[in-house]
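Q: Residue numbers (the UniProt record's numbering): 1 to 333. Backbone N, C-alpha and C fix where the C-beta goes; we use that ideal spot for every residue, glycine too. Every value quoted in this text rests on a predicted model; they were computed, and no experiment measured them.
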Ligand code: PBG
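1) Taking 7 Å as the cut-off, decide whether the C-beta atoms of residue 101 and residue 37 are in contact.
2) Check whether the Cβ atoms of residue 204 and residue 244 sit closer than 7 Å, and answer yes or no.
3) With respect to the alpha helix (DSSP H) encompassing residue 102, which residues constitute its N-terminal and C-terminal limits?
4) In three-state DSSP terms, what is residue 305?
5) Helix, strand or coil for residue 36 per DSSP?
6) Nearer than 6 Å: is that true of the beta carbon of residue 172 relative to any heavy atom of the ligand ADP?
7) Using a Cβ-Cβ cutoff of less than 8 Å, which residues in the same chain neighbour residue 188 once the five nearest sequence positions on both sides are dropped?
8) Count the other CB atoms, across all protein chains shown, that sit within 10 Å of the CB of residue 8; report buried if there are 16 or more and exposed otherwise.
9) Distance check for residue 123 and residue 139, CA to CA, integer angstroms please.
10) Rank 229, 295, 274, 310 by C-alpha distance to the C-alpha of residue 48 and give the top, closest one.
11) Check whether the Cβ of residue 211 sits closer than 6 Å to any heavy atom of the ligand PBG, and report yes or no.
12) Suppose you measure from the CA of residue 16 to the CA of residue 22; what does that come to, to the nearest Å?
13) If you scan the segment 226-304 from start to end, which runs of the beta strand (DSSP E) of 3 or more residues do you find wholly inside it?
14) Would you identify the three-state DSSP class for residue 181, choosing helix, strand or coil?
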């Protein structure tokens, strides 16, 4: 056998590190944190082992736990004390995210990113104001093509992002897949002098069944219908580039793909086409399924978590939002 070409030479333990193409660091990771205005004590999230909804009073303590692992950035999600038709608690100055953000930024060095969406704040659980024909009815939709009123929703999103910035958010992350959301947020932030608050757009967000556990966690499942009128069809990849281009042109600073593992081709496509930092959201279902298999003894959780995040990075993501952030960061230290 001709041994000239022998790739195994470079797989020996002492040289693996030198030739490794991808590295994963705690600084790449963003930990999602759930703050619950209705809670008085920490509540375990059953479908997301190790994660909790914490009361506003516990928000600083929770973020300190994250920082202790070496993760420096968090993504805040809020569960408001009450919901209504348009989601007014999303932009209230004394709302759950605003209150938690003020406390966290006053007392910790965490880089605070806030999720800007309305599904946790509307009674019907959709990501915005409904079209006029739907607004007065109950949550039954006679016509399944009726959905969120795109342009009415922009006003709410803009107010929400500005209120987060006023509370001290370092970055805002619109996740509602409303057309024009990045432009509306940029304009709103700039009008108020928040020129230095970047926007991380959930630019290519798919209508995915992998969000199931999150919807339990954040109590944001749609009461009727689904989100396919605004989130992307899993069958499409060219459409993702078009979506991302619109957001990039509107001034998005970071471009996100969501979910991550089933959409690594999209991460790669965006990495190749754009110069922006690319983020990927390793979502709740991706986390829950590994935990469930590990619980049965079918997978080694630590190993599959690390391999998953490394793969997301290898595909081209610079930032990874993941429920594994704390565990993996501790392991990397
Ligand atoms: C919408 C939002 C969702 C997630 C983050 N932001 C859910 C949705 O569209 O239903 C899902 C995150 C996850 O599954 O981990 N505000």
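A: Inspection of the coordinates gives the following:
1) The beta carbons of residue 101 and residue 37 sit no closer together than 7 Å.
2) Closer than 7 Å, so yes.
3) Going by DSSP, residue 102 is part of the alpha helix (DSSP H) stretching over 96-107.
4) Residue state, collapsed to three classes: helix.
5) The answer is strand: DSSP assigns residue 36 an E or B state.
6) Of the ligands this structure carries, namely the ligand PBG, none is the ligand ADP.
7) Answer for residue 188: 158, 159, 161, 162, listed in chain order.
8) An exposed status is given to residue 8, since fewer than 16 other beta-carbon atoms sit within 10 Å of its beta-carbon.
9) Model confidence at residue 139 stands at a pLDDT of 49, short of 50, so the residue's coordinates are unreliable and nothing is read from them.
10) Taking residue 48 as reference, the option from 229, 295, 274, 310 with the minimal CA-CA separation is 295.
11) Between the ligand PBG and residue 211, a heavy atom-to-CB distance of less than 6 Å is present.
12) Within the model, the alpha-carbon separation for residue 16 versus residue 22 is close to 11 Å.
13) Correct list: 254-258, 278-282.
14) Note: residue 181 maps to helix in three-state DSSP.
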